[in-house]
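In the working numbering, the protein residues as written are -17 to 313.
The beta-carbon is built from N, C-alpha and C at its ideal position, and this holds for glycine as well.
Computed from a predicted model, the values in this text were never measured in an experiment.
Here is the structure we will look at, set down as structure tokens.
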Ligand SMILES: Nc1ncnc2c1ncn2[C@@H]1O[C@H](COP(=O)(O)OP(=O)(O)OP(=O)(O)O)[C@@H](O)[C@H]1O
Ligand SMILES: [Mg+2]
């Protein structure tokens, strides 16, 4: 019996989607290593809808006749909105080895595709041998490849990927070998938006490259979604704290997207601040008279540029002014 995984629509509108998990062929030379790269499901993960949307595309692909040109999915959103986490959790559900390959401005096509290197031949001489780059190695077997920070890569690097991502669906290596996109390989990507704010090193995606992707926006999570994530991860965090943190996050991020440069904050409140840093601060300062304020000062404000602190303080005063009475956990 094949292993089946069911994706539910968190909005309750769509039918559940059942998909068979991928199988890793035992005869692959790197079988053990590949199986080791299947991510663990994150027990704290809350699907805000992205997994269901990925599953919709996957279901269409599986139902398509052969010769169908596959779609590649890129998620665009601000820092810490959970883009990479969604893609990793999709790999976990489908049982695909996950290869996250960052495309920074430094990365060159030889790193991604591969290069010929000199090796000792064991007899005092040298011989040249081809060595796969990161993408080449990943797509030699079942894989979910996440090209993260797509819009940080230089144009030459991206040109090397054009053929792989379009109808041609293959990589031609300088050795003469052609590696076709297997049926059990999925290509994903993430990027930050460049329209609203600067992300150092990013640029507008080259149009021809962008046209090879389906690009989906990932918005900041809503207050309800943040509350759901906090409750899942910290079941003993009291309601007053959950609501205050969600309220702060929603207002900071609304201010981040405001067109008024005079009052808007320049740094969004990321899920890392909300789910990792603030709760750590609350544990450390649990017995002080305003644990949320102390956590805010120690774990949020240091991430904010000095000229931006006033804007953060405006939001703090508008939303909480004074944090809830402690203790934050198990009260
Ligand atoms: N749906 C979710 N449910 C629970 N936790 C989440 C979810 N999405 C993200 N997180 C948490 O938020 C953190 C940030 O997520 P992630 O690294 O995916 O963000 P990102 O959008 O890729 O950010 P960046 O643009 O900075 O790379 C992760 O450490 C993860 O634990
Ligand atoms: Mg990321």
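For residue 278, the three-state DSSP class (helix, strand or coil): helix
CB contact check: residue 300 to chain B, cutoff 8 Å: Here there is only one protein chain, and chain B is not present.
As assigned by DSSP and simplified to three states, the class of residue 32: helix
Rounded distance between the beta-carbons of residue 94 and residue 142, thought under 8 Å: 7 Å
Any non-hydrogen atom of ligand 3 closer than 7 Å to residue 172 Cβ: By its list of ligands, the structure shown excludes ligand 3, since it contains just ligand 1 and ligand 2.
Given residue 26 as reference, the closest of 214, 118 and 55 once Cα atoms are compared: 214
Residue burial classification, residue 232 (beta-carbon count within 10 angstroms, cutoff 16): buried
Limits of the alpha helix (DSSP H) - the one that residue 206 falls within: 205 to 215
Alpha carbon of residue 328 to alpha carbon of residue 226, nearest angstrom: Outside the displayed span of the chain (-17 to 313) sits residue 328, for which this structure offers no information.
Inter-residue CB distance, residue 113 and residue 97 (contact presumed, cutoff 8 Å): 6 Å
beta-carbon residue 224 near ligand 1 non-hydrogen atom, thresh 7 Å: no
Close Cβ partners of residue 17 (< 6 Å) along its chain, the five nearest in sequence each way excluded: 6
Beta-bridge pairing of residue 101 - partner residues as DSSP gives them: 109
Given 8 Å, three or more beta-carbon pairs between the region 293 to 312 and the region 266 to 277: yes
Continuous alpha helix (DSSP H) stretch holding residue 199: start and end: Counting along the chain, residue 199 falls outside any alpha helix (DSSP H), though it belongs to the beta strand (DSSP E) covering 196 to 200.
Own chain residues within Cβ distance below 7 Å of residue 89, not counting five before or after: 135 and 139
Backbone CA spacing between residue 238 and residue 85 [nearest angstrom]: 26 Å
Close Cβ partners of residue 37 (< 7 Å) along its chain, the five nearest in sequence each way excluded: -11, -1 and 1
Inter-stretch contact (C-beta, 8 Å, three-pair minimum) for the region 186 to 204 and the region 50 to 62: yes
Any non-hydrogen atom of ligand 1 closer than 7 Å to residue 219 Cβ: no
Residue 234 in three-state terms, based on DSSP: helix
7 Å Cβ shell around residue 193 - same chain, five flanking residues per side excluded: none
Residue 0, enclosing beta strand (DSSP E) - first and last residue: -1 to 2
Neighbourhood of residue 281 by C-beta distance below 8 Å, restricted to the same chain and skipping five residues each side: 255, 259, 260, 262 and 263
Environment of residue 312 [buried if 16+ CB atoms lie within 10 Å]: exposed
CB of residue 11 within 8 Å of CB of residue 73, strictly: no
Short Cβ contact (8 Å threshold) for residue 68 with residue 100: no
Bridge-paired residues (DSSP) for residue 130: 84
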